[in-house]
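Take the sequence shown: its letter number 181 is residue 222 in the numbering used here, and every next letter is one higher.
We put the CB at the ideal spot given by N, CA and C, even for glycine.
Being a predicted model, the structure only gives us computed values, none of them experimental.
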Amino acid sequence: MATRLITVGHGTLAQEEFVDLLHAGGIESLVDVRTAPGSRRHPHFRRQAMEEWVPAAGVAYRWEPRLGGLRKPSPDSPNVALRHSGFRAYADHMRAPEFPAALDEVLTEAAARPTTVMCAESVWWRCHRRLIADFASLVRGADVRHLMHDGRLSEHHPTEGVRRDGDHLVYDIGETGTLLT
């Protein structure tokens, strides 16, 4: 049976709503994959605050900066099917040794207890969690689901234009420059 990994975005949820969502999803461990884990609009989602209230709600919490977004694109990126430079930069980052090492740690944790990777964006298809999910499912064989704000667990479908290249992913199939705008 494949290891299940869940992704979630906190969006604009109140702290209590987010805790209820985690509990409804059966989450026991939360891995924060935001590069800059803070929020001016929603201070309860600042890392320092979450380090207190998430464990108090019965869910383990840790920040994993090696999986954070907001990367710089490579001028010779092979990920030409990703139009948005932020997604292309993250896909480039996924080739760095720190990325699979960090994700493998998360997947080991997910094999032991229900684990989610969290970012700020509510919907997974507009977030780097999409690319994390692609790698986890296509390269590591994980069963990836996305915890939606209505409580549904949505099955992950790999990004159009992705292919596996050994232990890496490349986003270069099909018409270039049209994916993840």
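On a Cα-Cα basis, can you pick out the residue from the options that is closest to residue i?
{"i": "residue 55", "options": "202, 105, 95, 204", "result": "95"}
{"i": "residue 145", "options": "178, 120, 113", "result": "178"}
{"i": "residue 172", "options": "123, 214, 151, 152", "result": "123"}
{"i": "residue 143", "options": "215, 181, 186", "result": "181"}
{"i": "residue 161", "options": "77, 116, 65, 199", "result": "77"}
{"i": "residue 201", "options": "52, 207, 174", "result": "174"}
{"i": "residue 63", "options": "206, 208, 187", "result": "187"}
{"i": "residue 70", "options": "151, 45, 139", "result": "151"}
{"i": "residue 203", "options": "66, 67, 155, 215", "result": "215"}
{"i": "residue 153", "options": "125, 166, 68, 208", "result": "68"}
{"i": "residue 111", "options": "86, 170, 101", "result": "170"}
{"i": "residue 91", "options": "57, 115, 113", "result": "57"}
{"i": "residue 103", "options": "115, 116, 114, 89", "result": "89"}
{"i": "residue 107", "options": "140, 194, 65", "result": "140"}
Cβ of residue i less than 8 Å from any chain B Cβ?
{"i": "residue 212", "result": "Protein chains in the displayed structure number just one, and chain B is not present."}
Do the CB positions of residue i and residue j come within less than 8 Å of each other?
{"i": "residue 105", "j": "residue 73", "result": "yes"}
{"i": "residue 75", "j": "residue 127", "result": "no"}
{"i": "residue 242", "j": "residue 197", "result": "This structure gives no information on residue 242, because the portion of the chain shown stretches from 42 to 222."}
{"i": "residue 121", "j": "residue 50", "result": "no"}
{"i": "residue 158", "j": "residue 98", "result": "no"}
{"i": "residue 213", "j": "residue 119", "result": "yes"}
So what does DSSP say about residue i, is it helix, strand or coil?
{"i": "residue 159", "result": "strand"}
{"i": "residue 205", "result": "strand"}
{"i": "residue 211", "result": "strand"}
{"i": "residue 178", "result": "helix"}
{"i": "residue 116", "result": "coil"}
{"i": "residue 53", "result": "coil"}
{"i": "residue 170", "result": "helix"}
{"i": "residue 111", "result": "coil"}
{"i": "residue 223", "result": "For the chain, the structure presents residues 42 to 222; residue 223 sits outside this window and is missing."}
{"i": "residue 129", "result": "helix"}
{"i": "residue 61", "result": "helix"}
{"i": "residue 152", "result": "helix"}
According to DSSP, which residues form a beta bridge with residue i?
{"i": "residue 196", "result": "186"}
{"i": "residue 47", "result": "157, 186"}
{"i": "residue 104", "result": "73"}
Looking at the ligand GDP, does it come within less than 7 Å of residue i, judged from the CB to the closest heavy atom?
{"i": "residue 62", "result": "The model on display carries no ligand, and the ligand GDP is accordingly not part of it."}
Problem set entry | Runs of alpha helix (DSSP H) lying entirely within the segment 71 to 102, each at least 4 residues, in chain order | Unbroken alpha helix (DSSP H) runs of no fewer than 4 residues, entirely contained in the segment 71 to 102, are found at 88 to 97, following chain order.
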